[in-house]
Amino acid sequence: MADSIQERFTKLNTNLVFHSIRLYKLEANFDDEKINVSMEESKVFIDKNAYYQVIADNHVRVFQEFFFKVALQNNPDDVLIRINPVYILDFQVGGPMDDEIFKIFADSTVLVDSWPYFREIVQSTLLRMGLAPVVLPPINFNPFVNIDASASTK
644 MADSIQERFT
654 KLNTNLVFHS
664 IRLYKLEANF
674 DDEKINVSME
684 ESKVFIDKNA
694 YYQVIADNHV
704 RVFQEFFFKV
714 ALQNNPDDVL
724 IRINPVYILD
734 FQVGGPMDDE
744 IFKIFADSTV
754 LVDSWPYFRE
764 IVQSTLLRMG
774 LAPVVLPPIN
784 FNPFVNIDAS
794 ASTK
């Protein structure tokens, strides 16, 4: 009988070692003509994407992309500020990685490890641009929220 997704995720996390996080790429800009829009007229949008490479049997490299923008509330395509960092995270894992497990791993372990770096780079980049800081909240997540209940019972 095949292992449940929780069992596979637990196996992956056995002997898990977070080796490093590095900034791979950073794109940042602002619209100098529209930057004086009031905060009441603007809104912060955050999105993320992650993908992985299996480097060796127990070595996984994750590319975590974040997309931060401040845009007009009534037109999210009218972007005032954009900061898009990409991080490389290297992990030693205790079991095989596949797309199903990676979805959980990316939304839990990878997010916990990369979010503080994202928060810091948004703050420091805004300051270097001469703009007011935007306080990003800590993350709140549950990695097994979207798992089918039947997969977690035996």
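Residue numbers for the sequence shown follow my numbering, so the first one is 644 and each next one is one higher.
Ideal placement from N, C-alpha and C gives every residue a C-beta, glycine not left out.
- Closest in C-alpha terms to Ile726, from the list Leu666, Ile698, Asn679, comes Leu666.
- Just so you know, the alpha carbons of Tyr730 and Val680 end up roughly 30 angstroms apart.
- In the DSSP assignment, Lys668 falls within the beta strand (DSSP E) that extends over 660 to 673.
- Lys686 places its beta carbon less than 8 angstroms from that of Ala714.
- With a cutoff of 8 angstroms on beta-carbon distance, Ile747 and Phe652 are scored as near each other.
- Close CB contacts of Lys712 within its chain, under the 6 angstroms cut and outside five residues either way in sequence, are with Phe688, Val722, Arg725 (chain order).
- In the same chain as Val736, and ignoring 5 residues on each side of it, the C-beta atoms closer than 7 angstroms to its own belong to Leu655, Leu659, Asn701, Val703, in chain order.
- Closest in alpha carbon position to Phe710, among Asp756, Ile678, Pro719, Asn692, is Asn692.
- Note on Asp750: 16 or more other CB atoms within 10 angstroms of its CB, so buried under the neighbour-count rule.
- The beta carbons of Phe734 and Val705 sit closer together than 8 angstroms.
- For Gln766, the secondary structure class from DSSP, reduced to helix, strand or coil, is helix.
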